[in-house]
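First the structure, in the form of structure tokens, and then the observations on it.
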Amino acid sequence: MKFFYSLRRSSFYLNLLIASLISFGSLSSANANFEEPETFTLPEGRIVQRTVHNAQAFESLKNESARFQIIRNGKLITFGSRLELLSAVDVTNANVWSIAKDGIPLGVTDCTGLAFGLDECKSITNLVTGLPVLVLPDGEHIDPHELLNDTEGNFWYLSYPKTKCETSSEVCEKFNIPKGKIFADCQVNQVSPSGKTLFTWKASAHIPPEMIVKSYIPEGPRLNYLDLFHCNSIDLVDTENFLISARNNDAIYQVNKTTSKISWKLGGHYWPNISVRAVGFDRRVGKETIAQHDARYLGAGLYSYFDNASHTDKPARGVVFSVTQKGNVKVARMQNEFVNPYGNRSLCTGSFTKISQKTYVVGWGCSFNGITLFNAKGFPVVTLNFVATELTKDLFSDAPWILNGEDWGPRTNRALSYRVIYTR
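With the working numbering, the residue at position 321 of the sequence shown is 303, and numbering never jumps.
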């Protein structure tokens, strides 16, 4: 069995290598069947290049009605089913956004910038009309990593409530936080359309200190608090369960809403009776996911996430996996992976979405690359990249990223998008 699995893996990477060589024009005879890379300029001024990896699959995307949208530098940019540029709308001050059940794009706005792209935002706004849909009361905020609508029209979002450990505090003692330090919690919020709080859940009350990956939370000159969890996505499994991605735990958690207890955990430090047994992820145990984003439930027992592979020698990837019960143990088994066609990792942000039975899309976040469409077998079809690869040696540092004398700003500005949103 191991032989056939290894053979399948070898075949996958061989085909991936061939596809990448074709995309770069290295196989001249095969490249005759492929479009030449197309370069165009985004409305906000950045130059991008569209490279086709598989001509036949690329042509078949003509029949798709999918649209892909990103928010970048105050523009809501829409691409067609083959990543061709369609339109752009000014959405100044909008962050990560969601599509309401009636198809209206909603953005998180009125934000106060903090370190490393972490903002405290006050409003949810209709990006078409520019009118606020919900304004939070004083003392509350939305972290722009996530904004969801459930089937009842309620909003789900994250917040990072801060606590200064000045006096005796159960949480400060639990996580051994020195006096005078500030730490950021991870809070999941469900509110009604009128703003009434329906449900909250705090990571510090349910995740033990042993799950924190210490290397993620040193205080630096731009970060004045300890970011213990850095939750970056929520997804609803059903009416009773939801997923949380906690980047600074290298872990994905499934939580029962009724009991607030964690049902299972993938990745990160081992948690007896909670951590799943991971099978086929092709990474070391506990390293199935590194600094991940965008954990989603796909239905029928399948889940997905974007594995940044930050600070490793592995490429970033999208992952589809299943979770099943085997006796007293939950088993997570990787079903497929969608690997960066250029072999690059991703330092921050990113997304992975199933579009149809045939197509998946990855936004590579803070990476050398931008957006890739894949077929269902995990082979790349077309990629959209920034034309600035000669400068990517600085991508994984805090050093300025300079192009023709222009400072591109912080690392998150070097990402083509934080998240690629799929719509029709």
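Glycine included, C-beta positions come from ideal geometry on N, C-alpha and C.
Helix, strand or coil at Ala12 according to DSSP, with G and I counted as helix: As a position in the sequence shown, residue 12 is number 30, starting the count at 1. Model confidence at Ala12 stands at a pLDDT of 31, short of 50, so the residue's coordinates are unreliable and nothing is read from them.
From what residue to what residue does the alpha helix (DSSP H) around Val153 run? Locating residue 153 in the sequence shown gives position 171, where the first residue counts as 1. Glu152 to Lys156 is the span of the alpha helix (DSSP H), which, as asked, contains Val153.
From Phe334, Phe303, Val153 and Pro297, pick the residue whose C-alpha is nearest to that of Asn326; which is it? As a first step, residue 326 must be located in the sequence shown, where it is residue number 344. Taking only the C-alpha atoms, the option nearest Asn326 is Pro297.
How far does the beta strand (DSSP E) with Ala228 in it extend, from its first residue to its last? Counting from 1 along the sequence shown, the entry for residue 228 is found at position 246. According to the DSSP assignment, Ala228 belongs to the beta strand (DSSP E) that extends over Asn223 to Ala228.
In terms of alpha-carbon separation, which member of His212, Leu225, Leu67 and Leu58 lies closest to Leu88? By one-based count along the sequence shown, residue 88 stands at place 106. Closest by C-alpha distance to Leu88, out of His212, Leu225, Leu67 and Leu58, is Leu58.
In the DSSP assignment, what residue or residues form a beta bridge with Glu20? Locating residue 20 in the sequence shown gives position 38, where the first residue counts as 1. Beta-bridge partners assigned by DSSP to Glu20: Arg32.
Bounding residues of the beta strand (DSSP E) (the contiguous stretch that carries Glu319): Numbered from 1 along the sequence shown, position 337 holds the residue referred to as residue 319. Here the beta strand (DSSP E) through Glu319 covers Val311 to Val321.
Collapsed DSSP secondary structure at Ser141 in the structure displayed: If you number the sequence shown from 1, residue 141 lands on position 159. Residue state, collapsed to three classes: strand.
Near Val110, which residues of its chain fall below 7 Å by C-beta distance, leaving aside the five closest residues on each side in sequence? Residue numbering aside, residue 110 sits at position 128 when the sequence shown is read from its first letter. Contacts found: Ile86 and Pro87.
Going by beta carbon distance, what residues of the same chain come within less than 8 Å of Phe356, once the five residues before and after it are set aside? As a position in the sequence shown, residue 356 is number 374, starting the count at 1. Once the five neighbours on either side are set aside, the close Cβ partners of Phe356 are Gly300, Phe320, Thr341, Tyr342, Val343, Val344, Pro362 and Val363.
Closer than 6 Å by C-beta to Leu118: which residues in its own chain qualify, once you throw out the five before and the five after it? Chain order, please. Locating residue 118 in the sequence shown gives position 136, counting from the first residue. The beta carbon of Leu118 sits closer than 6 Å to those of Lys104, all from its chain and outside the five residues before and after it, given in chain order.
Check whether the Cβ atoms of Gln172 and Phe181 sit closer than 8 Å, and answer yes or no. Within the sequence shown, numbered from 1, the residue matching residue 172 stands at position 190. Within the sequence shown, numbered from 1, the residue matching residue 181 stands at position 199. Going by C-beta atoms, Gln172 is nearer than 8 Å to Phe181.
Please go through the same chain and pick out, in chain order, the residues whose beta-carbon is closer than 8 Å to the beta-carbon of Val30, but skip the five residues on each side of it. Indexing the sequence shown from 1 puts residue 30 at position 48. Taken in chain order, the residues that qualify are Thr21, Phe22, Thr23, Leu24, Gly352, Leu366, Asn367, Phe368, Val369 and Leu398.
With a cut-off of 8 Å, does the C-beta of Ser42 fall near any C-beta of chain B? The question asks about chain B, but that chain is absent: this structure has only one protein chain.
Return helix, strand or coil for Gln274, following the three-state DSSP convention. On the sequence shown, residue 274 is found 292 positions in, with the first residue counted as 1. Secondary structure at Gln274: coil, using DSSP grouped into helix, strand and coil.
Three-state class that DSSP yields for Asn77 in the structure shown: For the purposes of this step, residue 77 is identified with residue 95 of the sequence shown, where counting begins at 1. In the structure shown, the three-state DSSP call for Asn77 is coil.
contact_flag[the segment 222 to 235, the segment 265 to 283] where n(CB pairs < 8 Å) is 3 or more: With the cut-off at 8 Å, the segment 222 to 235 and the segment 265 to 283 touch.
Determine the direct distance from the alpha carbon of Ile337 to that of Arg64, and round the result to whole angstroms. As a first step, residue 64 must be located in the sequence shown, where it is residue number 82. As a first step, residue 337 must be located in the sequence shown, where it is residue number 355. Counting only the Cα atoms, Ile337 lies some 13 Å from Arg64.
Between Val305 and Ile159, what straight-line distance do the alpha-carbon atoms span, to the nearest angstrom? What you label residue 305 is simply residue 323 of the sequence shown in a count that begins at 1. What you label residue 159 is simply residue 177 of the sequence shown in a count that begins at 1. Approximately 35 Å, taken between the alpha carbons.
Have a look at the DSSP bridge pairing and note the partners of Asn357. The sequence position of residue 357 within the sequence shown is 375, counting from 1. According to DSSP, Asn357 bridges with Thr341.
Hey, Gln307 and Leu284: beta-carbon distance below 8 Å or not? Start at 1 with the first residue of the sequence shown, and residue 307 comes out as number 325. Start at 1 with the first residue of the sequence shown, and residue 284 comes out as number 302. Taking 8 Å as the cut-off, the Cβ atoms of Gln307 and Leu284 do not count as close.
Since Leu225 contacts Tyr279 with CB under 8 Å, what's their CB separation in whole angstroms? In the sequence shown, the residue the question calls residue 225 occupies position 243. In the sequence shown, the residue the question calls residue 279 occupies position 297. Sure, about 6 Å apart at Cβ, within 8 Å.
Output yes or no for whether 8 Å exceeds the beta carbon distance between Trp246 and Val261. Looking up residue 246 in the sequence shown gives position 264. Looking up residue 261 in the sequence shown gives position 279. Val261 is positioned such that its CB atom lies no closer than 8 Å to that of Trp246.
Apply the 10 Å Cβ neighbour rule to Arg406 and answer buried if 16 or more other Cβ atoms are within range, or exposed otherwise. Translated into the one-based positions of the sequence shown, residue 406 becomes position 424. Per the 10 Å Cβ criterion, exposed.
Return the chain-ordered list of same chain residues with a C-beta closer than 8 Å to the C-beta of Ala1, the five sequence neighbours on each side being excluded. For the purposes of this step, residue 1 is taken as the residue at position 19 of the sequence shown. Residue placement at Ala1 is poorly supported in this model, since its pLDDT is 40, which falls under 50; the coordinates still yield a value, given next. Taking C-beta separations shorter than 8 Å and ignoring five residues to either side along the sequence, the partners of Ala1 in its chain run His35, Asn36, Pro323, Phe361 and Pro362, following chain order.
So, at 6 Å on beta carbons, what are the nonlocal neighbours of Ser333 in its own chain, with the 5 sequence-adjacent residues on each side left out? Counted from its first residue, the sequence shown places residue 333 at position 351. The beta carbon of Ser333 sits closer than 6 Å to those of Asp276, Phe288, Gly345, Arg401 and Val402, all from its chain and outside the five residues before and after it, given in chain order.
In whole angstroms, what is the alpha-carbon distance linking Arg266 and Asp72? The sequence position of residue 266 within the sequence shown is 284, counting from 1. The sequence position of residue 72 within the sequence shown is 90, counting from 1. Straight through space, the alpha carbons of Asp72 and Arg266 are spaced by roughly 44 Å.
When DSSP builds the beta bridges, which residues end up paired with Val261? Working through the sequence shown from its first residue, we reach residue 261 at position 279. The partner list for Val261 (beta bridge, DSSP) reads Arg315.
Given a cut-off of 8 Å, decide if Thr107 and Asp101 are closer than it, judged by their beta-carbon atoms. Residue numbering aside, residue 101 sits at position 119 when the sequence shown is read from its first letter. Residue numbering aside, residue 107 sits at position 125 when the sequence shown is read from its first letter. Taking 8 Å as the Cβ cut-off, Asp101 and Thr107 do not qualify as a contacting pair.
Can you say whether Leu329 is buried or exposed, counting buried as having 16 or more other CB atoms within 10 angstroms of its CB? Residue mapping note: residue 329 aligns to position 347 of the sequence shown, counting from 1. Buried, since its Cβ has 16 or more Cβ neighbours within 10 Å.
Which of helix, strand or coil does DSSP assign to Leu210? Along the sequence shown, one-based indexing puts residue 210 at 228. DSSP, read as helix, strand or coil, puts Leu210 in coil.
Closest to Thr74 by CA distance: which of Gly135, Leu68, Ser215 and Arg54 is it? On the sequence shown, residue 74 is found 92 positions in, with the first residue counted as 1. When the alpha-carbon of Thr74 is set against those of Gly135, Leu68, Ser215 and Arg54, the nearest one is in Arg54.
Return yes when the Cβ of Asp167 is within less than 8 Å of the Cβ of Pro143, no when it is not. Numbered from 1 along the sequence shown, position 161 holds the residue referred to as residue 143. Numbered from 1 along the sequence shown, position 185 holds the residue referred to as residue 167. Cβ distance < 8 Å, so Pro143 and Asp167 count as in contact.
Measure the Cβ-Cβ separation of Ala314 and Leu208 and say whether it is below 8 Å. The residue given as residue 314 occupies position 332 in the sequence shown. The residue given as residue 208 occupies position 226 in the sequence shown. Cβ atoms of Ala314 and Leu208: not closer than 8 Å.
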